[in-house]
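Just so we're aligned, residue 9 is where the sequence shown starts under this note's numbering, counting upward by one. For every residue, glycine included, the Cβ atom is placed at its ideal position computed from N, Cα and C. On a predicted model such as this, the values are computed, not experimentally measured, just so you know. Worksheet for the structure shown next.
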Amino acid sequence: VVLIFDEVSCGFRISLGGVQEVTGVIPDMSVFAKAISNGYPMAAVVGKREVMEPAARMFISSAYWDDPIGIVAALTTLRELERRDAVSHFEVIGASFSERINRAAADAGLDAECVGVAAHP
9 VVLIFDEVSC GFRISLGGVQ EVTGVIPDMS VFAKAISNGY PMAAVVGKRE VMEPAARMFI
69 SSAYWDDPIG IVAALTTLRE LERRDAVSHF EVIGASFSER INRAAADAGL DAECVGVAAH
129 P
């Protein structure tokens with residue numbers, strides 16, 4: 009069984025080290041996109057050598073295969089997230105968002121609740 013973390017929507021919002029840094033669970037592979045390059049076309053599939061090596065024997069293509077802008081955008085984005093301590097900011101904003109959604113639901117008499125980690129409700 010191969011454990012894969014899909015961090016396409018939550019990657020770098022909970023921790024710059026990914027969900028594995030917070031949970032202590034080390035996946036065989038992780039997938040990142042969206043936040044990794046701040047809107048530029050970019051995705052990354054990373055993993056343990058024994059899981060990733062078979063892909064080296066296959067032909068893999070992409071529309072943005074040779075576009076260096078996404079890679080530069082990803083590196084710059086990750087540096088800025090670290091420099092600005094963005095995860096702490098995401099936690100504050102996310103907690104406020106969840107609180108307001110929950111208050112609005114209660115005021116409307118809805119049996120609903122915004123749940124999840126503060127940085128990614």
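Between Pro-62 and Ala-113, the alpha-carbon positions lie close to 49 Å from each other.
Contact between Val-54 and Asp-14 does not hold, since their C-beta atoms are separated by about 12 Å, which reaches or exceeds 8 Å. Cβ contact annotation for Gly-102 (same chain, cutoff 7 Å, sequence separation greater than five): Ala-126, Ala-127, His-128, Pro-129, in chain order.
With a threshold of 16 other beta carbon atoms within 10 Å, Ala-43 meets it and is buried.
Val-95 is not a Cβ neighbour of Ser-45, given a cutoff of 8 Å. In this model, Met-37 and Ala-82 are separated by some 19 Å (Cα to Cα). The DSSP assignment places 57 to 60, 76 to 91, 94 to 115 as complete runs of the alpha helix (DSSP H) inside the stretch 56 to 122, in order along the chain (cut-off: 4 residues). Counting along the chain, the unbroken beta strand (DSSP E) around Val-39 starts and ends at 37 to 41.
Residue state for Val-27 is assigned as helix, using DSSP reduced to three classes. Between the alpha carbons of Gly-19 and Leu-86 lies a gap of roughly 11 Å.
Across the set Glu-121, Arg-108, Pro-35, the C-alpha of Pro-35 shows the shortest separation from the C-alpha of Val-59.
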